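Participant: In the UniProt record's numbering, the protein residues as written are 1 to 630.
Using N, Cα and C, we set each Cβ at its ideal position, and we do this for glycine too.
Computed from a predicted model, the values in this text were never measured in an experiment.
#1: What does the alpha-carbon distance come out to for the pair residue 61 and residue 441?
#2: Check residue 538 in the structure and name its three-state DSSP category.
#3: DSSP three-state call for residue 85: helix, strand or coil?
#4: Please state whether the Cβ-Cβ distance between residue 509 and residue 473 is less than 8 Å.
#5: Between residue 558 and residue 520, how many whole angstroms is the CB-CB distance? I'm expecting something under 8 Å.
#6: Let me check understanding here. Comparing Cα to Cα, which of 367, 283 and 410 lies closest to residue 481?
#7: Hey, how far is the Cα of residue 134 from the Cα of residue 200?
#8: Beta-carbon separation of residue 540 and residue 506 under 8 Å?
#9: Run through the DSSP bridge pairs and tell me what residue 545 is partnered with.
#10: Using DSSP with H/G/I as helix, E/B as strand and the rest coil, what is residue 7?
#11: Does residue 584 come out as helix, strand or coil in the three-state DSSP assignment?
#12: Whole alpha helix (DSSP H) runs in the stretch 244-294 with 4 or more residues, listed along the chain?
#13: Determine the contact status of residue 575 and residue 599, defining contact as a CB-CB distance below 8 Å.
#14: If you count every other CB in all the chains shown that lies within 10 Å of the CB of residue 96, and 16 or more means buried, which is it?
#15: Rounded to whole angstroms, how far is the Cβ of residue 168 from the Cβ of residue 153, which I believe are closer than 8 Å?
#16: Any idea if residue 147 is buried or exposed, counting beta-carbon neighbours within 10 angstroms, 16 or more meaning buried?
#17: Which ranges would you report for the alpha helix (DSSP H) in the UniProt domain "MobA/VirD2-like nuclease" (91-202) if only whole runs of at least 4 residues count?
#18: So, is residue 379 buried or exposed, given that buried needs 16 or more other C-beta atoms within 10 angstroms?
#19: Nearest to residue 193 by CA position, among 122, 228 and 254, is which residue?
#20: What is the DSSP secondary structure of residue 476, reduced to helix, strand or coil?
#21: Determine the direct distance from the alpha carbon of residue 591 to that of residue 241, and round the result to whole angstroms.
#22: Can you give me the C-alpha to C-alpha distance between residue 251 and residue 349, rounded to a whole angstrom?
#23: For residue 432 and residue 403, I'd like the C-alpha separation in whole angstroms.
#24: Span of the alpha helix (DSSP H) holding residue 398?
#25: In the DSSP assignment, find the unbroken beta strand (DSSP E) run with residue 514 in it and report its ends.
#26: Is it a yes or a no for the stretch 278-293 touching the stretch 310-326, going by three-plus beta-carbon pairs under 8 Å?
#27: Taking residue 552 as the reference, which of 565, 582 and 532 has the closest Cα?
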């Protein structure tokens, strides 16, 4: 069971109403939704009045009991309710009024800056907890936090890949009005989740607490060695990535996975390091990791990468140490490949900044300027989208002139002073009444105008989505930035492991390819389809291709044309060896036929393209080049 805590607003203005609207009514959009030109018309108002009206509407709208159906009541005051197809449990009077009840209690404590508390519990696909087990887990977590008597709403969501529930709770006690202490809350939640895993036999997950071999919940400790002091100083003071940091980033996760398997041999360990441009060698009585490109680089102690990467632990399992094989070397006028399943995909460069590899800083500044221009354009467009005046000034003036003429007529027609004075009072009353009616009418006309979805002012996100549909590169880049910042799992699913790697945030506008249609998703991914089937996905830094060998390599050719439109700072083939060889041969064919030269940034792959002998080349591919429209 995975535990997560939602980030709080920095300004301390968290809202019970907004949180409960998200957990119960499910009005939000997902990142992998396809952007539609009419999507802004379906956008619901996010004002507090509109949210509360929607919450109340699920109980009172048209007397529809199916919108809010209480399924079970309990003696302790809590009840379970089916609210907008979301099953909830709460100890408040109603889900629709829970936000108001929580806020009224929170106002009793003026010293608590943010009484809103929100966390969620998630279960992997291997577990299938029942509804009662989910609600029990939520109550057990609240008990661990010391909030079992506080107001709460738990909502079960099944609209994502993983079953999960959200818990919204008021930190203010409803009787004593004391605030619950949220110190070490993550640690308490992790311990509670391990206890529930132990009780129901669910899949064990990692966290601050783990279940040991004696079926006890104990505090977890990291088995990985900390970063060496020298590497830490290098990264902190010079903003350069250390050799240790590079090795950990590229290899530690896969090395840990391989060492945990039974089918282990020296070649598998070497393969992981070779892909990163590293090599495992003997040094004195132990093992060390060397840089293959720059052998003069100070080596890294192998146990620093992983504690089990030592001779004393590996020799009993794998036998005597075997040196790493050579990786694609041109010798005696032929290519000699000892390790056939892997190729070098990256290498360590001590000149790169820790956060700004290669030319990332330049592109970051360019993106910042483009997004500032995008915001200015949005503000300019929103100024034009003001509510019309409905000719209010002329209508009031016309009405005033009407009564002025009537007063002048009374002055001439009525000779009796007393009757004239009385007529003046009647006209003044009728004038104020007519003015009030006109004001109410104008107010109603403005409300009707605002109520229409096509007249509602677009939010910045929706406006950027519409700009992305027009092919604005800055808007597409902004969508990708939001997707990265959100850190959500609801991204467009990965298509294939046959990839063309490009530079980070190497954004281009959608390209018109003959036979392909493109769609832009909310996470900034440009999906290219043929006959309704996804063939390629451009994520900026990668181009994924499905079925690269079918139809005489059409997808591979189209992918190369997409890569040709990018900056060219990085252009590397990644995937199975058969795909890499075929792609290299295709680059050679395209360069011979085309006017421009498509260059690769990987030295081995570029060498493969330049020095490939005719008899080594795969059979030529016949194809119709996609028709590009800049």
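Facilitator: Straight from the coordinates:
#1: Note on residue 61: pLDDT 37, under 50, position unreliable in the model; the coordinate value appears next. Cα-Cα distance, rounded: 27 Å.
#2: strand
#3: Correct three-state label for residue 85: coil.
#4: yes
#5: Contact doesn't hold; Cβ gap of about 17 Å is too wide.
#6: Nearest Cα to residue 481 within the set 367, 283 and 410: 367.
#7: 11 Å
#8: yes
#9: 536.
#10: The answer is coil: DSSP assigns residue 7 none of H, G, I, E or B.
#11: helix
#12: 253-259 and 266-275
#13: no
#14: Answer is buried; the Cβ neighbour count reaches 16.
#15: 5 Å
#16: buried
#17: Runs of the alpha helix (DSSP H) inside the UniProt domain "MobA/VirD2-like nuclease" (91-202): 98-106, 131-145 and 185-200.
#18: exposed
#19: 122
#20: helix
#21: 36 Å
#22: 16 Å
#23: 10 Å
#24: 392-413
#25: Counting along the chain, residue 514 falls outside any beta strand (DSSP E), and DSSP gives it neither H nor E.
#26: yes
#27: 582
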